[in-house]
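Undergrad: For reference, the structure I am asking about is given below.
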Amino acid sequence: MDPLMLSRLQFAAATLFHFIFVPLTLGLAVLIAFMETRYAWTGDKTYLKMVKFWGRLFLINFALGVVTGITLEFQFGTNWARYSAYVGDVFGSLLAIEASVAFFLESVLLGVWIFGWKKLSAKAHAVVMWLVALAGTFSAVWILIANAWMQHPVGYVIRNGRAELENFFAVVTQPFAVLMILHTLSAAYIVAAFFVMGISAYHLLKKQHVEVFTRSFKIALVFGLVFSFFEVAEGHLHGADLAHSQPAKLAALDAHWETSERAPLYFFAIPDEKNERNVLEIGKVPGGLSLMAFHDFNAEVKGLKDFPKDERPPVLITTVSFKIMVGLGSLFCLLTAVGFFLRNRLVETPWYLKIMVAAIPLPYIASELGWVVAEVGRQPWIVYGVMKTANAVSSNISAGQVAVSLAGFVLVYGLLGAVGIYLMVTAAIKGPVELEQGER
Amino acid sequence: MELQSVWFFLWGLLWAVFFMTDGFDFGVGILYPFFGKTEQDRRVMINALGPLWDGNEVWLITAGGVTFAAFPAVYAMMFSSLYTPLMLILFALIFRGVSFEFRGKVDHPAWRRVWDICIFAGSLVPALLFGVAFANIFAGLPFDAAGYHGNLFSLLTPYGLLGGALFVLLFIVHGALWLCIKTEGPLQERAAGTAAVAWIVLLCVAALFLIASAFATPLYGNYLSAPALFLIPAAAVAALVGVRIFIARRNWFAAWAGSAATIVMCTFFGIAGLYPALFPSKLDPAASLTAFNASSSPLTLKIMLGVVLAVIPVVIAYQAWAYMLFKGKVIIEEMEY
Numbered sequence: 001m002d003p004l005m006l007s008r009l010q011f012a013a014a015t016l017f018h019f020i021f022v023p024l025t026l027g028l029a030v031l032i033a034f035m036e037t038r039y040a041w042t043g044d045k046t047y048l049k050m051v052k053f054w055g056r057l058f059l060i061n062f063a064l065g066v067v068t069g070i071t072l073e074f075q076f077g078t079n080w081a082r083y084s085a086y087v088g089d090v091f092g093s094l095l096a097i098e099a100s101v102a103f104f105l106e107s108v109l110l111g112v113w114i115f116g117w118k119k120l121s122a123k124a125h126a127v128v129m130w131l132v133a134l135a136g137t138f139s140a141v142w143i144l145i146a147n148a149w150m151q152h153p154v155g156y157v158i159r160n161g162r163a164e165l166e167n168f169f170a171v172v173t174q175p176f177a178v179l180m181i182l183h184t185l186s187a188a189y190i191v192a193a194f195f196v197m198g199i200s201a202y203h204l205l206k207k208q209h210v211e212v213f214t215r216s217f218k219i220a221l222v223f224g225l226v227f228s229f230f231e232v233a234e235g236h237l238h239g240a241d242l243a244h245s246q247p248a249k250l251a252a253l254d255a256h257w258e259t260s261e262r263a264p265l266y267f268f269a270i271p272d273e274k275n276e277r278n279v280l281e282i283g284k285v286p287g288g289l290s291l292m293a294f295h296d297f298n299a300e301v302k303g304l305k306d307f308p309k310d311e312r313p314p315v316l317i318t319t320v321s322f323k324i325m326v327g328l329g330s331l332f333c334l335l336t337a338v339g340f341f342l343r344n345r346l347v348e349t350p351w352y353l354k355i356m357v358a359a360i361p362l363p364y365i366a367s368e369l370g371w372v373v374a375e376v377g378r379q380p381w382i383v384y385g386v387m388k389t390a391n392a393v394s395s396n397i398s399a400g401q402v403a404v405s406l407a408g409f410v411l412v413y414g415l416l417g418a419v420g421i422y423l424m425v426t427a428a429i430k431g432p433v434e435l436e437q438g439e440r
Numbered sequence: 441m442e443l444q445s446v447w448f449f450l451w452g453l454l455w456a457v458f459f460m461t462d463g464f465d466f467g468v469g470i471l472y473p474f475f476g477k478t479e480q481d482r483r484v485m486i487n488a489l490g491p492l493w494d495g496n497e498v499w500l501i502t503a504g505g506v507t508f509a510a511f512p513a514v515y516a517m518m519f520s521s522l523y524t525p526l527m528l529i530l531f532a533l534i535f536r537g538v539s540f541e542f543r544g545k546v547d548h549p550a551w552r553r554v555w556d557i558c559i560f561a562g563s564l565v566p567a568l569l570f571g572v573a574f575a576n577i578f579a580g581l582p583f584d585a586a587g588y589h590g591n592l593f594s595l596l597t598p599y600g601l602l603g604g605a606l607f608v609l610l611f612i613v614h615g616a617l618w619l620c621i622k623t624e625g626p627l628q629e630r631a632a633g634t635a636a637v638a639w640i641v642l643l644c645v646a647a648l649f650l651i652a653s654a655f656a657t658p659l660y661g662n663y664l665s666a667p668a669l670f671l672i673p674a675a676a677v678a679a680l681v682g683v684r685i686f687i688a689r690r691n692w693f694a695a696w697a698g699s700a701a702t703i704v705m706c707t708f709f710g711i712a713g714l715y716p717a718l719f720p721s722k723l724d725p726a727a728s729l730t731a732f733n734a735s736s737s738p739l740t741l742k743i744m745l746g747v748v749l750a751v752i753p754v755v756i757a758y759q760a761w762a763y764m765l766f767k768g769k770v771i772i773e774e775m776e777y
């Protein structure tokens, strides 16, 4: 394999692994901040037990998220040097702002939160957690603005042989970025909600620490319910926006080959990319795609055949990932809605609790697939319509170098992932620790 | 002053602050297996860094991010050319970072042993390789219009290794002095003794480095054309002498502040000599990347300058607040890791 393919695999592996931890960090920080606020203002020790229990899981997860995020920033330089030189004027500044505005705040204040229990009042300590959550959100916002620019570049001009910034305001306020931020944050909140509900369900099934986990479950349930439904509506807007911003991705999402009016939507389709058709189409909704994309049954939707072959994303990966993500998103609405009706008799409803334990991985899968849709669906472009991924790779790295570092990533991340999951599962099963006398 | 020159010095400043802050974390990590005779000692050492190391490491992220934003061509060339050493640094930092969190999570000696090794290696490798990398940047790297012609081993020249040794020693002294501030009893005595011995070695290596730089690098060119710049290495030497004086007086905080100043001045010794080059070529001067031929557009530089001037003082303020909050000796009952 050449440095290009190896670099792609390395970046994909590093990103997908990093993103196992990011959503939980974003969402759980908010839930813990909420629990700690309840504790600080009511003095109810059950909330303190909840904060300490979920905080323990949060910190293991956070450590893995941080260390795997650092490598990503530098990989743009190591493996994608031509990309970095070509678009750094726009893209680099967004990463630098992320580090200086958000990451500092998050790292410094998390240190204060971990070690500051006795140094700060309960209320101040709760405020610190809110700031940690806010900083994490800022971090996500700036990274997503940067990614949105790769998806839908605006506010730049090609000058001096590179993309130069022309309108900073346009870059940071473009609708594509707003849609992406809302989509990703909601996904993160759903991951965290199902994580908390699933672990709470495990303990409720065993009828242990009932007070701690009933409260935890209910808080997470409301959170999950709101954002699951919001995500479906927002996801629809996000998808419809692609009709204008990334028509090739839209066509790939639904394996739509022929440009047509009254374009159909399939529940599921398996494309045959070589012969430019679908080998399997299930659940046809006539005019469905036109309706989703343009809010009009008869609108014309451009098909993949009308894009040059070298400007089409890999259709199979894109559409399968998309359909599974959408299916899972709908399932989250169903599960949280059912939960809402059962919220006051959770302990007496073991079948539902069992489902919720089993559902812990599902939002993780959905959010990973979301990134696959966003990134694979953008191919062959690294910056949509501006630069192809094939032209972005560093020219002065060898296949051997990248092969070794890729092997290092797989090995190290595999190892850390296994250790991290082991520690989280152990801590989750162990349950909350009894507070010591006078602990706060 | 041109915008590019302002950015050049900000770039140098961010690296200097990173070495100054995370430097004592590295130093404590390197000393860790030698000082940590008992489990209690080890936990005290880790907790001396506990609340602060993560915030310190963000200076690296910011230095990297600012290189990307202000000098994208440098970011691209530097990190792709120094691919293997940078990957080694990143993996080392990964292991160091998770070790602090993971070590205390399972109560078993073998488990702790594994993460103890990671803390040591995860501190030594970055300290050494940053030194090697910066010494090589000072000396110029083997690249021209056709690309980069070096590898990991071609960096390990005598001057490169001397740079690595200098960084490791600077951080050992800095870390030992941090432990003098944060600990008491036998651990503090070991740290104080080590600081005094390491100081002598550091003095010799630093002197050697200053002399070798005259032969191995073009750094002194700027100094000869603007002799006032000699105040920078003079300040570095003065700060280093101050460190020894304050060690003798057992004024640990002043000694630590002195080693912080030494690190900053050592970094600026190189930065001032490099100017305006950020990534010089030793094969073809025309290929060298400078603040003027590798910078971002004026608009980006202006916006980023606004961001940095608005945000960094705030960052410094709350980071200083965190340092104040955790001042004083490590107290066992409050240990979290």
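So the sequence lines, in the order shown, correspond to chains A and B.
In terms of the numbering used here, the first sequence has 272 at position 272, counting the first letter as 1, and numbering is strictly consecutive.
The numbering used here runs 440 ahead of the 1-based position in the second sequence.
Every residue, glycine too, gets a C-beta built ideally from N, C-alpha and C.
These numbers come from a predicted model, not from an experiment.
For B:W451, count neighbouring C-beta atoms within 10 Å of its own C-beta (all shown protein chains included) and say buried if the count is 16 or more, exposed if not.
TA: buried
Undergrad: Output, in sequence order along the chain, the residues in the stretch 523-534 of chain B whose CB is closer than 7 Å to any CB in chain A.
TA: Residues passing the 7 Å Cβ filter: Y523, T524, L526, M527, L530, F531, L533 and I534.
Undergrad: Let me make sure I understand the geometry here. Which of A:G198, A:L144, A:A163 and A:Q174 has the alpha-carbon closest to that of A:I181?
TA: A:L144
Undergrad: Just checking my contact of A:S398 with A:P3 at CB under 8 Å: how many whole Å lie between their CB atoms?
TA: Going by Cβ atoms, the distance from A:S398 to A:P3 rounds to 7 Å, so yes, they are a contact pair.
Undergrad: Ends of the alpha helix (DSSP H) at B:P598?
TA: P598 to K622
Undergrad: Is B:F649 close to chain A, meaning its C-beta is less than 8 Å from at least one C-beta of that chain?
TA: no
Undergrad: Within 8 Å, do at least three Cβ pairs link the stretch 136-151 of chain A to the stretch 86-99 of chain A?
TA: yes
Undergrad: Does DSSP put A:E261 in a helix, a strand or coil?
TA: It is a strand residue.
Undergrad: For the stretch 62-121 of chain A, which segments carrying the beta strand (DSSP E) assignment without a break, of at least 3 residues, lie completely within its bounds, in sequence order?
TA: none
Undergrad: Can you check whether the C-beta of A:N396 is within less than 8 Å of a C-beta belonging to chain B?
TA: yes
Undergrad: Pick from B:L664, B:G615, B:G600 and B:I685: whose alpha carbon is nearest that of B:V645?
TA: Comparing Cα-Cα distances from B:V645 to each of B:L664, B:G615, B:G600 and B:I685, the minimum goes to B:G600.
Undergrad: Indicate whether at least one CB of chain B lies closer than 8 Å to the CB of A:G88.
TA: yes
Undergrad: Report buried or exposed for B:W761, applying the criterion of at least 16 other Cβ atoms within 10 angstroms of its Cβ.
TA: exposed
Undergrad: Determine which residues share a DSSP beta bridge with B:D584 and list them.
TA: B:G587
Undergrad: Going by Cα to Cα distance, which pick from B:F459, B:Y472, B:T507 and B:G463 is closest to B:S736?
TA: For the residues B:F459, B:Y472, B:T507 and B:G463, the minimum Cα distance to B:S736 belongs to B:T507.
Undergrad: Identify every run of the beta strand (DSSP E) within the stretch 632-702 of chain B, keeping only runs that are complete inside it and at least 3 residues long; order them along the chain.
TA: none
Undergrad: Check distances from the C-beta atoms of the stretch 388-417 of chain A to those of chain B and list, in chain order, the residues that come in under 7 Å.
TA: S394, S395, N396, I397, Q401, S405, G408, V412 and L416
Undergrad: Consider the Cβ of B:L564: report whether some Cβ of chain A lies at a distance smaller than 8 Å.
TA: no
Undergrad: Using CA atoms only, rank isn't needed, just tell me which of A:L225, A:P264, A:A188 and A:T78 is closest to A:T137.
TA: Looking at the Cα atoms, A:A188 is the closest of the given residues.
Undergrad: Ordered along the chain, which non-local residues of its own chain (more than five positions away) have a Cβ less than 7 Å from that of B:K622?
TA: A488, K769 and V770
Undergrad: Quick check on A:V394: does DSSP put it in helix, strand or coil?
TA: With the sequence shown as reference, residue 394 of chain A is identified as Ser, and Val is not the correct amino acid for it. Coil.
Undergrad: Quick one: what does DSSP say B:E774 is sitting in, helix, strand or coil?
TA: Because the pLDDT at B:E774 is just 48, under 50, the model does not fix this residue reliably, and the point stays unresolved.
Undergrad: If the cut is a Cβ gap below 7 Å, which residues of chain A does B:F655 touch?
TA: Among the residues of chain A, none has a CB under 7 Å from the CB of B:F655; the nearest is roughly 28 Å distant.
Undergrad: If the criterion is Cβ atoms closer than 8 Å, does the pair A:V30 and A:Y39 meet it?
TA: Against a cut-off of 8 Å, the Cβ pair of A:Y39 and A:V30 comes out as no contact.
Undergrad: So, at 8 Å on beta carbons, what are the nonlocal neighbours of A:L28 in its own chain, with the 5 sequence-adjacent residues on each side left out?
TA: W54, L57, F58, N61, A192, F195 and V196
Undergrad: What are the residues that DSSP puts in a beta bridge with B:S782?
TA: Residue 782 of chain B cannot be examined here, being either before or after the span of chain B that is shown, 441 to 777.
Undergrad: Run through the DSSP bridge pairs and tell me what A:A163 is partnered with.
TA: A:I158
Undergrad: Contact check, B:A631 vs B:F475 under 8 Å by CB: the rounded distance?
TA: 7 Å
Undergrad: Taking C-beta pairs closer than 7 Å, name the residues in chain B that A:T173 reaches, listed in chain order.
TA: Near A:T173 there are no residues of chain B at all, since even the closest Cβ is about 14 Å away, more than 7 Å.
Undergrad: Hey, does A:T184 have any beta-carbon neighbour from chain B nearer than 8 Å?
TA: no
Undergrad: Could you tell me which chain A residues have their CB closer than 7 Å to the CB of B:L492, listed as they occur along the chain?
TA: G111
Undergrad: Looking at the C-beta of A:G303, does it have a partner C-beta in chain B at a distance below 8 Å?
TA: Answer no: the Cβ-Cβ gap between A:G303 and chain B never drops below 8 Å.
Undergrad: Would you mind working out which of A:N79, A:T68 and A:W41 sits nearest A:L9, comparing C-alpha positions?
TA: A:N79
Undergrad: Check the C-beta distance from B:I470 over to B:L564 and give it rounded, since I have them as a contact under 8 Å.
TA: Correct: roughly 5 Å between the Cβ atoms.
Undergrad: Between A:R162 and A:V386, what straight-line distance do the alpha-carbon atoms span, to the nearest angstrom?
TA: 10 Å
Undergrad: Please report the distance separating the alpha-carbon of A:G303 from that of A:E166.
TA: 33 Å
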